[in-house]
Amino acid sequence: MNKCHCGCEIALRSNEKIVCSLSKCKKSFHYECVQIPLANLKTQKNWKCPECTVQSLALQRSQGKDNTPIKPQCDLNTSEQNVNKKRGTAVAEYDMDEAIENEEDQAEGLFASIPATLETELRLLIRKLLVEEFSSIRKEMRSFDESLKFFNNQFEEMKKTVSACTEDNKQLRKELDLMQCKVKDLESKVSVMEQDSRQSNIELQNLPEHRNENLVNTMLQLSRVVDYVLSENDIVACNRVQKQNQNSKAPRAVVCRLSNRLKRDNLLAAVIKYNRSHPKEKVNTKLLGYGDNEAPIYISEHLTPSNKSLHAATRIWARENKFKFVWVRNGKIFVRKDENHPAKMVSHVDTLETLVA
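Residue numbers 228 to 584, in our numbering, belong to the letters of the sequence shown in order.
Encoded structure:
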């Protein structure tokens, strides 16, 4: 137990003591023994005990730095009397102080146990918070996992659907290719049938058009010019047809149906023969009685619209690729590079590209 260094022999409690501020001393005293009021106790942080004060003053005097007289030391008897006035007898104070000290020891044990309790409570609180937080996270993760499974199932279904659509698309493409081949084949057959229906027809281009014209007489005049015997009974029908290009200023073509294909072929052969024998005066409007203007008249087989387009494209292609001959026979188009090359039949525009190779 701590004792007051003033010599009062009374127990020194922590709330009644004052300690010398010098590190070499650190002696404890009752604040009443050194005559310090309780109100000023907290302001005495640099307080020195009487012994240290005397030594300090003596040192200052020896150095000539201080003229302050030495404070009187406290009277031990009066100090004890002053303390006893406040507390009663020393024996009674000793018993009470011992009981207080025991209580303080118990309180210190209690205070020492408080941090452990707080630590336990803090751990439990943290654990509770963590459990709640992780429980919430688990719920969110579980919800996320369910959503992920749902989207995964949707994705798998979409993959199956896309795969099925891809297979269907492949099958449809095969069917489309097959249908396109069939359509081309049917178009070719229809074109052949349509062309066969015109096998007795002959077509005249660039023949001037008049209001009261007689096309039968024109055909008879043509037969006389080319020196081919043709009677009126050989002409089944003779009329003009609608233009393919309505903006064209050329007169409408004349189509003449003869009694049979042989008549048609013989008349065409006579026209070709005449033109070859009269290169400077081929069949023209003047020879057929259409004024004095010698405009050329083009006579050929009556082709279907698709064959006419193919014939025009073939002529353009032949000029670009330096093919000398392009002609039509029995509704079919032929080309020939020169006299030393064989003739090739053109059935489609794509056929032209194969001829170059």
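Even glycine gets a Cβ: it sits at the ideal position worked out from N, Cα and C.
In this structure, DSSP gives Ser289 a helical state, which the three-state scheme calls helix. When DSSP assignments are scanned along the region 393-435, the uninterrupted stretches of beta strand (DSSP E) that are 3 or more residues long and fall wholly within it turn out to be 428-432. Pro264 sits exposed, since fewer than 16 C-beta atoms from the chains shown fall within 10 Å of its C-beta. When rounded, the separation of the alpha-carbon atoms in Ser241 and Ala285 is 31 Å.
Our two residues, Ser363 and Ser370, have alpha carbons roughly 11 Å apart in a direct line. Straight through space, the alpha carbons of Leu352 and Lys253 are spaced by roughly 44 Å. Contact between the region 426-446 and the region 485-495 is present, with at least three C-beta pairs closer than 8 Å.
Shown here, Pro523 sits in a strand according to DSSP, grouped into three states. Residue pairing by DSSP puts Val481 in a beta bridge opposite Leu431 and Arg467. It is roughly 24 Å from the alpha-carbon of Val281 to the alpha-carbon of Leu239.
When C-beta atoms of the region 459-476 are compared with those of the region 391-407, fewer than three pairs fall below 8 Å, so the two segments do not count as touching.
Within a 10 Å sphere around the beta-carbon of Cys408 sit fewer than 16 other beta-carbons, which makes this residue exposed. The shortest CA-to-CA distance from Lys411 to any of His575, Lys507, Leu582 and Lys549 is the one to His575. When secondary structure is reduced to three states using DSSP, Val358 falls in the helix class. Secondary structure of Ile543 (DSSP, three-state): helix.
Just so you know, the alpha carbons of Glu243 and Lys251 end up roughly 22 Å apart.
Per DSSP, Val452 is one residue of the alpha helix (DSSP H) stretching across Leu442 to Val452.
Residue pairing from DSSP places Asn511 in a beta bridge opposite Pro523. In this structure, the beta-carbon distance from Asn548 to Val583 falls below 8 Å. Residue range Lys559 to Arg563 is occupied by the beta strand (DSSP E) that includes Arg563, with no alpha helix (DSSP H) assigned at that position. For the options Phe256, Leu442, Arg467 and His437, the alpha carbon positioned closest to that of Ala480 is the one of Arg467. One alpha carbon belongs to Arg365, the other to Phe377, and they sit about 18 Å apart.
With respect to the 8 Å criterion, Cys276 and Cys235 are not classified as neighbours on the basis of their beta carbons. Between Thr512 and Ile526, the CB-CB gap reaches or exceeds 8 Å. With distances taken between CA atoms, Ile462 lies nearest to Leu485 out of Leu442, Trp274 and Leu485. The beta carbon of Pro435 sits closer than 7 Å to those of Pro478, Thr512 and Tyr517, all from its chain and outside the five residues before and after it, given in chain order. DSSP, read as helix, strand or coil, puts Ala570 in coil. Comparing alpha-carbon positions, the option among Leu514, Phe552 and Ile560 lying closest to Asn567 turns out to be Phe552.
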